[in-house]
Structures are given as structure tokens and as C-alpha cells.
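Undergrad: My structure is below; once you've seen it, I'll send some questions.
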Amino acid sequence: MRLKVLFFLMITVLLTSCYQSDNDFDGLQLVTFSSVSPTVIFLPGSRGIDFLVKPVYDNISYNKEFKADERTINLIVNAPPDKVIEEVNNIFLEQEYIAYEREDSNSLAHYLYVKDNYRFTASFKMYCSEGFNCKKTEIFFWYLIADKNNNKEVF
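Going letter by letter, the sequence shown gives residues -20 to -1, 1 to 135 in mature numbering (1 follows the signal peptide of the UniProt record, and there is no 0).
What follows is the structure in C-alpha cells.
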């Protein structure tokens, strides 16, 4: 009998220690260029955004149409999409960007953020893992870095 109780207690402790709360998202943090962290993404024309997770994908490639480098960033944040969308919008609006919502049948929300010559596209999708666990948000950012000829932003 004692072994059964001990076994049950150990399983309970193990499961409790492995549990992650759905509310462990503390919000995004706006940081300065002096902050050095693998979770901070610095976007041109703005301060960095700390998503508190490393990007799943971060790539710079050449865009033939605009003749400029294009950066693509993919993140998976452990928070519901509505909360992440609100946080990202607040950060961009705080930095005086104008947000334009775009129609996209493949995502929950799709925004274009514009300020001076800087434009960022952000797409937010529900991320499901482990079968039916759909409590995370997948974020895609795209933006052109600079024109190869003029060395300035192109849009």
C-alpha cells in the first residue's frame, strides 16, 4: 500500500513540475540596441522587440523584384493569438507606425506597418502541436532591408 501511495505521489510531482501554464506569456518587451540576447529581433527604423523565444527561422535572401535583400523571421510564441496580435500592434503603434490590416485567408491577422521608408509585413497564425494543443501563435515577419544600388529602404 505504501508503495502505491509513494508511486502516485512521485507521478503527481513529476507531472506538476512538467506542466506549463497557458498564462506564462509576460508580454513582449521593447528594448534598445544595447540589449544583447538571442531572443531580441532588431528591425530597421525601430528598437528591438524581445519575443522571449528564439526565432524558428531567420533568413536574409535577395528579392529580385525589388533588387534588395529581404529578411524573413518566423517565431512561435507560447500565448494565444489575440494577445500576441495586441502586443505586437501596441509596440509598433508606440513607435509611431501606422498599422494597415490586410485580408488573408491563410492567417488569423495580417498587418502592414508603415513609418517613413520602413514597412513590415506581419502575419499571425494559430500554431497547433501535440495533436489538439492550439494555444500558441506563429508569427511571420517580412521586410526589405535596403536597395543594393542606393543603399536606402525600398518600398
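We put the CB at the ideal spot given by N, CA and C, even for glycine. For clarity, every value in this text was computed on a predicted model and none was experimentally measured.
Please report the straight-line C-alpha distance between VAL134 and THR52, rounded to a whole angstrom.
TA: Counting from 1 along the sequence shown, the entry for residue 134 is found at position 154. Counting from 1 along the sequence shown, the entry for residue 52 is found at position 72. In this predicted model, VAL134 has a pLDDT of only 41, less than 50, meaning its place in the structure is not dependable enough to derive any value.
Undergrad: Quick one, which of LEU92, ASN69, SER17 has its alpha-carbon nearest LYS34's?
TA: In the sequence shown, residue 34 corresponds to position 54, counting from 1. Considering only alpha carbons, the answer is SER17.
Undergrad: Between LYS116 and TYR123, how many whole angstroms is the CB-CB distance? I'm expecting something under 8 Å.
TA: Taking the sequence shown and counting its residues from 1, the one referred to as residue 116 is at position 136. Taking the sequence shown and counting its residues from 1, the one referred to as residue 123 is at position 143. In fact, because the Cβ distance is near 23 Å, the residues do not count as touching under 8 Å.
Undergrad: What is the DSSP secondary structure of ASN54, reduced to helix, strand or coil?
TA: Taking the sequence shown and counting its residues from 1, one reaches residue 54 at position 74. In this structure, ASN54 counts as strand in the three-state DSSP scheme.
Undergrad: In whole angstroms, what separates the C-alpha of SER85 from that of ARG27?
TA: Taking the sequence shown and counting its residues from 1, one reaches residue 85 at position 105. Taking the sequence shown and counting its residues from 1, one reaches residue 27 at position 47. Distance between the alpha carbons of SER85 and ARG27 is about 30 Å.
Undergrad: If you measure between the beta carbons of SER82 and TYR93, is that distance less than 8 Å?
TA: Here residue 82 refers to the residue found at position 102 when the sequence shown is read from its first residue. Here residue 93 refers to the residue found at position 113 when the sequence shown is read from its first residue. In the sequence on display, residue 82 carries Arg and not Ser. Contact: no.
Undergrad: According to DSSP, is LEU73 part of a helix, a strand, or is it coil?
TA: Here residue 73 corresponds to residue number 93 of the sequence shown, with the count starting at 1. Of the three classes helix, strand and coil, the one that applies to LEU73 here is helix, per DSSP.
Undergrad: May I ask you to list the residues that DSSP assigns as paired with LEU124?
TA: Numbered from 1 along the sequence shown, position 144 holds the residue referred to as residue 124. In DSSP, LEU124 forms a bridge with GLU50.
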